[in-house]
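Note that numbering that gives the first Met the number 0 has the sequence shown beginning at 0, numbered continuously upward. Quick reminder that beta carbons are idealized off the backbone N, C-alpha and C, glycines included. Predicted model only: the values in this text are computed from it and were never measured. Just below is one structure, and these are the notes that go with it.
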Amino acid sequence: MTRKILHLDLDAFFCAVEEQRDPALRNRPFAVGGRPEGRGVVASCSYAARRFGVHSAMPMSRAVRLCPQLEIVPPRFKAYSAASRQVMEFLQSVTPLVEQISIDEAFLDVSDLPESGDVLARQLQAAIRDKLGLPCSLGIATNKLLAKTATDVGKASSKSESTPNAILVVPAGEEAVFLAPLPVRMLWGVGPKTEAHMAELGWRTIGDLARQSEEFLARHFGKLGRDLALRARGIDERPVVTTHQIKSVSQETTFAKDVGDRNTLERTLRSLSERVGRRLRRHRFCGVTIKLKLRNPDFTTLSRQTTLSQATDQDADIYGAALKLFEKIWREGQPVRLLGVGVSGLRPAVHQLSLWDDKPQARAKLQATLDTLRDRFGEPIIRRGSDLYE
Numbered sequence: 000m001t002r003k004i005l006h007l008d009l010d011a012f013f014c015a016v017e018e019q020r021d022p023a024l025r026n027r028p029f030a031v032g033g034r035p036e037g038r039g040v041v042a043s044c045s046y047a048a049r050r051f052g053v054h055s056a057m058p059m060s061r062a063v064r065l066c067p068q069l070e071i072v073p074p075r076f077k078a079y080s081a082a083s084r085q086v087m088e089f090l091q092s093v094t095p096l097v098e099q100i101s102i103d104e105a106f107l108d109v110s111d112l113p114e115s116g117d118v119l120a121r122q123l124q125a126a127i128r129d130k131l132g133l134p135c136s137l138g139i140a141t142n143k144l145l146a147k148t149a150t151d152v153g154k155a156s157s158k159s160e161s162t163p164n165a166i167l168v169v170p171a172g173e174e175a176v177f178l179a180p181l182p183v184r185m186l187w188g189v190g191p192k193t194e195a196h197m198a199e200l201g202w203r204t205i206g207d208l209a210r211q212s213e214e215f216l217a218r219h220f221g222k223l224g225r226d227l228a229l230r231a232r233g234i235d236e237r238p239v240v241t242t243h244q245i246k247s248v249s250q251e252t253t254f255a256k257d258v259g260d261r262n263t264l265e266r267t268l269r270s271l272s273e274r275v276g277r278r279l280r281r282h283r284f285c286g287v288t289i290k291l292k293l294r295n296p297d298f299t300t301l302s303r304q305t306t307l308s309q310a311t312d313q314d315a316d317i318y319g320a321a322l323k324l325f326e327k328i329w330r331e332g333q334p335v336r337l338l339g340v341g342v343s344g345l346r347p348a349v350h351q352l353s354l355w356d357d358k359p360q361a362r363a364k365l366q367a368t369l370d371t372l373r374d375r376f377g378e379p380i381i382r383r384g385s386d387l388y389e
């Protein structure tokens with residue numbers, strides 16, 4: 000049976016949610032993100048702003064230079080998460096075979112539904128617009144690679160002045176024909192370095208790549224070369240996966256101004272460790288590997304990690320390990336641009352009872368109480384006494 004795979008992408012998702020809150024933002028250039036004077040970054044921007052060259056992940060200071068009339072809207076991630084859940088729940092009412100790949104993207108396997116992929120895409124687009132008030136674009140093909148590429152091509156080709164609302168179908172049997180004229184950078188797995196190497200070989204399009212033998216590609220790109228040989232011909236057998244295993248949990252922060260004060264950096268490390276611990280407990284995971292990330296003002300980034308003797312989800316354990324890593328790589332007074340803390344090597348949390356030492360159990364009980372208070376009243380409800388005198 001020929002598969003019918005849909006890729007759905009919510010157009011300028013954060014901005015669409017903000018326009019629901021404030022309809023006056025519609026058709027105006029605005030961006031969701033941090034302030035330019037505080038090293039803010041564009042998380043999302045309206046299509047009116049994109050016409051000035053503004054795009055996601057751009058420093059907000061540059062965005063404002065490109066578009067002086069740009070309105071800056073602070074992000075509301077809880078609202079975006081809630082809207083995303085509504086969309087995913089709706090998709091799962093259509094088919095249980097939904098693979099969410101980000102807050103605003105998903106694959107659907109609708110092979111067992113009688114309607115054509117084109118009809119289903121139009122029905123989904125209309126329903127999400129009418130019921131949830133959100134615009135979206137869809138790509139339809141026989142596999143995930145082509146469906147995602149179809150969405151990208153459809154959105155790029157849209158002539159709409161507002162959101163693309165694109166729908167593009169790649170007919171079965173025409174996968175390689177569809178891909179052939181596209182630039183190699185649009186093929187999954189081709190990054191800037193690989194693209195540059197291909198340019199040296201004279202390959203500009205996916206069709207150029209498809210004409211090479213698998214053996215030749217493997218000699219130049221190793222295992223990736225064999226994968227690229229299949230992808231360039233439109234071959235992708237990956238199934239739609241309905242669950243994802245969490246491999247790590249991390250939190251990081253970029254300071255508005257470089258920080259060289261030890262107390263401030265240590266407080267930040269503790270706060271990041273607490274947020275990581277809370278996320279671990281919420282998902283009922285613990286981990287054995289603690290990671291530290293430190294970025295200097297010149298953007299050089301240092302990463303260190305250590306492995307604990309046993310897995311943990313406790314803030315104090317995470318902070319203690321992160322602090323030791325920090326002390327190994329930080330010099331007194333050295334300014335820091337970014338700090339991050341992460342935990343990997345995850346496994347289901349199982350707290351062992353001890354006959355002789357009840358301190359771990361007491362700490363876990365206290366931690367659970369703090370989590371409950373923060374969930375109910377917000378993060379600032381609990382503060383350390385040491386923070387009050389800084």
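Are the CB atoms of residue i and residue j nearer to each other than 8 Å?
{"i": "LEU271", "j": "GLN304", "result": "no"}
{"i": "SER136", "j": "ILE166", "result": "yes"}
{"i": "LEU181", "j": "MET197", "result": "no"}
{"i": "VAL93", "j": "LEU123", "result": "yes"}
{"i": "VAL275", "j": "VAL342", "result": "yes"}
{"i": "VAL340", "j": "LEU268", "result": "yes"}
{"i": "VAL72", "j": "MET59", "result": "no"}
{"i": "ALA11", "j": "TYR46", "result": "yes"}
{"i": "HIS282", "j": "ILE317", "result": "no"}
{"i": "ARG203", "j": "LEU144", "result": "no"}
{"i": "GLY224", "j": "ALA217", "result": "yes"}
{"i": "THR193", "j": "PRO95", "result": "no"}
Whose CA, out of the options, lies closest to the CA of residue i?
{"i": "GLY411", "options": "ILE127, GLY132, LYS154 and ARG128", "result": "Residue 411 lies beyond the residue range present for the chain, which begins at 0 and ends at 389; the question has no answer from this structure."}
{"i": "GLU273", "options": "ASP260, ILE289 and PRO134", "result": "ILE289"}
{"i": "ARG64", "options": "ALA321, PHE51 and PHE13", "result": "PHE51"}
{"i": "CYS285", "options": "GLY201, GLY33, LEU322 and PRO347", "result": "PRO347"}
{"i": "ALA315", "options": "ASN295, LYS192, SER247 and ARG266", "result": "ARG266"}
{"i": "CYS66", "options": "PRO35, SER161, ASP257 and SER212", "result": "PRO35"}
{"i": "THR299", "options": "GLU194, LEU338 and VAL97", "result": "LEU338"}
{"i": "PHE29", "options": "GLY39, ARG20 and ARG49", "result": "ARG49"}
{"i": "GLU326", "options": "VAL152, ASN262 and ASP312", "result": "ASN262"}
{"i": "ARG278", "options": "PRO296, VAL248 and ASP297", "result": "VAL248"}
{"i": "LEU345", "options": "TRP329, LEU324, THR311 and ARG330", "result": "THR311"}
{"i": "ALA195", "options": "THR242, HIS219 and PHE215", "result": "HIS219"}
{"i": "THR252", "options": "LYS222, VAL287, LEU291 and PRO238", "result": "LEU291"}
{"i": "ASP297", "options": "VAL240, ASP257, ARG330 and LEU200", "result": "ASP257"}
{"i": "LYS3", "options": "ALA62, VAL239, LEU200 and GLY33", "result": "VAL239"}
{"i": "GLY132", "options": "GLU114, GLN85 and VAL152", "result": "GLN85"}
By Cβ distance below 7 Å, which residues in the same chain neighbour residue i in space, the five residues on each side in sequence not counted?
{"i": "GLY37", "result": "ALA255"}
{"i": "ALA175", "result": "ALA209, ARG232 and GLY233"}
{"i": "PHE13", "result": "VAL31, ALA42, SER43, PRO74 and TYR79"}
{"i": "GLN351", "result": "Since pLDDT at GLN351 reaches only 46, below the 50 mark, its modelled position is unreliable, and the value read off the structure follows with that caveat. If we look at GLN351 and ignore the five residues flanking it on each side, it has no Cβ neighbours."}
{"i": "VAL128", "result": "Here residue 128 turns out to be Arg, not Val, going by the sequence shown. These residues qualify, in order along the chain: PRO134."}
{"i": "LEU301", "result": "LEU293 and ILE328"}
{"i": "TRP187", "result": "LEU144 and ARG230"}
Who are the near neighbours of residue i in its chain, counting only those whose CB is closer than 6 Å to its CB and skipping five residues on each side?
{"i": "LYS130", "result": "none"}
{"i": "GLN99", "result": "MET87 and ALA105"}
{"i": "SER157", "result": "PRO163 and ALA165"}
{"i": "ASP8", "result": "GLU104, SER136 and THR150"}
{"i": "GLU18", "result": "LEU24 and ARG25"}
{"i": "VAL189", "result": "VAL183"}
{"i": "HIS6", "result": "PHE106, GLY138, ALA146, LYS147 and THR150"}
{"i": "SER83", "result": "ILE102"}
{"i": "PHE177", "result": "VAL169"}
{"i": "ARG237", "result": "LYS143"}
Can you check DSSP and say which residues form a bridge with residue i?
{"i": "HIS6", "result": "PHE106 and GLY138"}
{"i": "VAL31", "result": "SER43 and VAL72"}
{"i": "THR288", "result": "THR306 and SER343"}
{"i": "ILE166", "result": "LEU137"}
{"i": "GLN99", "result": "ALA105"}
{"i": "THR300", "result": "ARG294"}
{"i": "PRO334", "result": "None, per the DSSP bridge assignment."}
{"i": "SER390", "result": "Residue coverage of the chain in this structure runs from 0 to 389, which leaves residue 390 outside it and unanswerable."}
{"i": "THR311", "result": "GLY286"}
{"i": "PRO58", "result": "VAL40"}
What I want to know is whether the C-beta of residue i ends up closer than 7 Å to one or more non-hydrogen atoms of the ligand ADP.
{"i": "ASP8", "result": "No copy of the ligand ADP appears in this structure; indeed no ligand is present at all."}
Using C-beta distances below 8 Å, list every residue in its chain close to residue i, excluding the 5 sequence neighbours before and after it, in chain order.
{"i": "THR1", "result": "SER110, THR141 and ALA171"}
{"i": "GLY259", "result": "GLY332, GLN333, PRO334 and VAL335"}
{"i": "LEU90", "result": "LEU7, VAL97, ALA105, LEU107 and LEU123"}
{"i": "ARG27", "result": "SER45, ALA47 and GLU70"}
{"i": "ALA320", "result": "ILE289, THR305 and LEU307"}
{"i": "ASP117", "result": "ILE139, ILE166 and VAL168"}
{"i": "ASP235", "result": "ASN142, LYS143, LEU144, LEU145 and LEU229"}
{"i": "LYS323", "result": "THR305"}
**Q.** Ordered list of alpha helix (DSSP H) runs contained in the region 108 to 132, each at least 4 residues
**A.** DSSP runs (the alpha helix (DSSP H)) wholly in the region 108 to 132: 116 to 131.
**Q.** Every unbroken beta strand (DSSP E) inside the region 166 to 222 [3 residues or more]
**A.** You should have 166 to 168.
Q.
If we require 4 or more residues per run, which alpha helix (DSSP H) segments fall completely within the region 250 to 281?
A. If only uninterrupted alpha helix (DSSP H) runs of at least 4 residues are considered, those enclosed by the region 250 to 281 are 261 to 281.
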